[in-house]
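These notes are about the structure you will find just below.
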Amino acid sequence: MPVSIVKKHSVGLLLPLLLVFSREALAQPSDLDTQLMLTTVKVSDTDSSGTAFILSRPKPGDPKATQFLLITAEHLLSRSRANEVTVVFRKKSADGGHEKAPVKITVRQDGKVLWKKHPTADVGILPITPPPDALVPSVSVDLLASDEDLERHEIHPGDPVHCVGFPHPNQFEPNAAGFGVVRSGCIAGYPLRPTRKTKTLLLDLNTFEGDSGAPVYLVDDHRLVAGKTEPGRVRLILGLMVGQHFLDEEFKMIYQSGKFRHRMGFGIAVHATAIKETIDLLDAKPGPPSNR
Numbered sequence: 000m001p002v003s004i005v006k007k008h009s010v011g012l013l014l015p016l017l018l019v020f021s022r023e024a025l026a027q028p029s030d031l032d033t034q035l036m037l038t039t040v041k042v043s044d045t046d047s048s049g050t051a052f053i054l055s056r057p058k059p060g061d062p063k064a065t066q067f068l069l070i071t072a073e074h075l076l077s078r079s080r081a082n083e084v085t086v087v088f089r090k091k092s093a094d095g096g097h098e099k100a101p102v103k104i105t106v107r108q109d110g111k112v113l114w115k116k117h118p119t120a121d122v123g124i125l126p127i128t129p130p131p132d133a134l135v136p137s138v139s140v141d142l143l144a145s146d147e148d149l150e151r152h153e154i155h156p157g158d159p160v161h162c163v164g165f166p167h168p169n170q171f172e173p174n175a176a177g178f179g180v181v182r183s184g185c186i187a188g189y190p191l192r193p194t195r196k197t198k199t200l201l202l203d204l205n206t207f208e209g210d211s212g213a214p215v216y217l218v219d220d221h222r223l224v225a226g227k228t229e230p231g232r233v234r235l236i237l238g239l240m241v242g243q244h245f246l247d248e249e250f251k252m253i254y255q256s257g258k259f260r261h262r263m264g265f266g267i268a269v270h271a272t273a274i275k276e277t278i279d280l281l282d283a284k285p286g287p288p289s290n291r
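0 is the number of the first residue of the sequence shown in numbering that gives the first Met the number 0; add one for each residue after it.
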């Protein structure tokens, strides 16, 4: 008789991909859906591919300048064996449409990784300089949701959420221009806070290999808080996709044994607070040398 076993597995999407910020004088989309579509990119090396997204902030030490941060699931970067990965940006084509603009980005140098890793969460961040013709709106790190944001806006189970990613990128290409796909679901788990304790966010949202690193976000034009509609639009990046749940059914017969694997349709996302903490690590000054 088969035994059902529930296991959690990392979505093996490889390397972050990322978005770029356009230096062209183009109107910035006002909706977060399109902004994140433009700032989410596919990243790949010779072995596999994955998802990443780019956020911006004032450059440390030069606040008038902009710094761009490639954000993804850290396991995508660490599984890459190469010193460079290919990031597929997009640019305007001569006929007025869009086309791919792949570039090589260095992730290792002299045997050292160039990205910053969160000490416990599956988050990796790499400062990058997007190519000047790449189409990417400036999406601020201020959209990353804090615990206070979750409380103030009463973010709760059942809230609709979306993600942008590249599912099965080596087998499925949704369009010739290299854009990802948006999928919708809802928050499935509870409690959400404190995020330092809950660590991850359970989503009723199908994810696949290649989705690791995808941004998970919420947009609500008519948010109800304490029974009243909040003024203005609520826009929050809740986290990034890092895994999914499977149901494994193991069987054993006289001459044969094996396992059937079923997708449960639940995605696992790391909270945005872990992304914020990793960004803080970029600015941390190294401590004094150890005497050991």
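From the three backbone atoms N, C-alpha and C, an ideal C-beta is built for every residue, glycine too.
Cutoff 7 Å; reference residue i; Cβ partners in own chain excluding five residues on either side
i, result
"Thr-194", "Asp-146, His-270 and Thr-272"
"Glu-276", "His-117"
"Asp-282", "Pro-59"
"Asp-203", "Gly-184, Cys-185, Ala-187, Gly-264 and Phe-265"
"Thr-45", "Ala-81"
"Pro-190", "Thr-197"
"Val-2", "For Val-2, the predicted model reports a pLDDT of 35, less than 50, meaning its position is unreliable; a value from the coordinates is still stated below. These residues qualify, in order along the chain: Glu-249."
"Pro-288", "Bear in mind that the predicted position of Pro-288 carries a pLDDT of just 49, short of 50, making it too unreliable to give a figure here."
Cβ pair residue i, residue j closer than 8 Å
i, j, result
"Ile-186", "His-152", "no"
"Leu-237", "Leu-223", "no"
"Thr-39", "Ala-213", "yes"
"Val-106", "Pro-130", "no"
"Phe-178", "Ile-127", "no"
"Asp-132", "Ala-93", "no"
"Thr-206", "Gln-243", "yes"
"Leu-113", "Leu-125", "yes"
"Pro-136", "Leu-201", "no"
"Cys-162", "Val-215", "yes"
"Ser-139", "Arg-260", "no"
"Arg-192", "Leu-134", "no"
"Val-87", "Ile-104", "no"
Residue burial classification, residue i (beta-carbon count within 10 angstroms, cutoff 16)
i, result
"Lys-258", "exposed"
"Lys-108", "Looking at the sequence provided, one finds Gln at residue 108 rather than Lys. Answer is exposed; the Cβ neighbour count stays below 16."
"Glu-23", "Because Glu-23 sits at a pLDDT of 44, beneath the cut-off of 50, its placement in the model cannot be relied upon, and the following sentence gives the value as read from the coordinates. Classification for Glu-23: exposed."
"Lys-284", "exposed"
"Met-240", "buried"
"Arg-232", "exposed"
"Glu-73", "buried"
"Phe-293", "Residue 293 is absent from the structure shown; the chain starts at 0 and stops at 291."
"Asp-121", "buried"
"Lys-196", "exposed"
"Gln-27", "exposed"
"Arg-262", "exposed"
"Phe-20", "With a pLDDT of only 39 at Phe-20, under the threshold of 50, the placement of this residue in the model should not be trusted; the figure read from the coordinates follows. Buried: at least 16 other Cβ atoms inside 10 Å."
"Arg-182", "buried"
"Phe-250", "exposed"
"Lys-227", "exposed"
"Gly-95", "exposed"
"Ala-268", "buried"
"Ser-29", "exposed"
"Met-253", "Note on identity: in this sequence residue 253 is Ile, with Met being the wrong assignment. By the 10 Å Cβ count, Ile-253 comes out exposed."
Run of the alpha helix (DSSP H) containing residue i, from where it starts to where it stops
i, result
"Glu-276", "271-282"
"Asp-30", "Note, Asp-30: premise wrong, no alpha helix (DSSP H); not H, not E."
"Lys-196", "194-197"
Bounding residues of the beta strand (DSSP E) (the contiguous stretch that carries residue i)
i, result
"Arg-56", "48-58"
"Thr-45", "Per DSSP, Thr-45 belongs to no beta strand (DSSP E) and is neither H nor E."
"Arg-182", "180-186"
"Val-67", "Strictly speaking, residue 67 in this sequence is Phe, with Val absent from that position. From DSSP, the beta strand (DSSP E) with Phe-67 extends over 61-71."
"His-167", "Unbroken run through His-167: none, as it is neither H nor E."
Proximity test, residue i beta-carbon vs the ligand HEM heavy atom, cut-off 7 Å
i, result
"Ile-124", "Ligands in the displayed structure: none, and consequently the ligand HEM is not present."
6 Å Cβ shell around residue i - same chain, five flanking residues per side excluded
i, result
"Ala-144", "Leu-235, Leu-237 and Ala-271"
"Leu-280", "Lys-115"
"Glu-297", "Because the chain spans 0 through 291 in this model, residue 297 falls outside it and cannot be assessed."
"His-97", "Arg-89 and Ala-176"
"Thr-71", "Pro-15, Ala-51, Gly-123 and Gly-212"
Spatial neighbours of residue i in its chain, beta-carbon cut-off 8 Å, leaving aside the 5 residues before and after
i, result
"Leu-256", "For the sequence presented, residue 256 should be read as Ser rather than Leu. Excluding residues within five positions, the ones whose Cβ falls inside 8 Å are Glu-249 and Phe-250."
"Thr-65", "Phe-20, Ser-55, Arg-56, Pro-57, Lys-58 and Ser-137"
"Val-160", "Ser-183, Gly-184, Cys-185, Ile-186, Leu-202, Leu-204, Val-215, Tyr-216, Leu-217 and Leu-237"
| request: Could I get the ranges of all uninterrupted beta strand (DSSP E) runs contained in the segment 208-242, with 3 residues as the minimum, in chain order? | output: 214-219
| Enumerated in chain order, which unbroken segments of the alpha helix (DSSP H) with a length of 4 residues or greater are wholly contained in the segment 78-154? | 146-151
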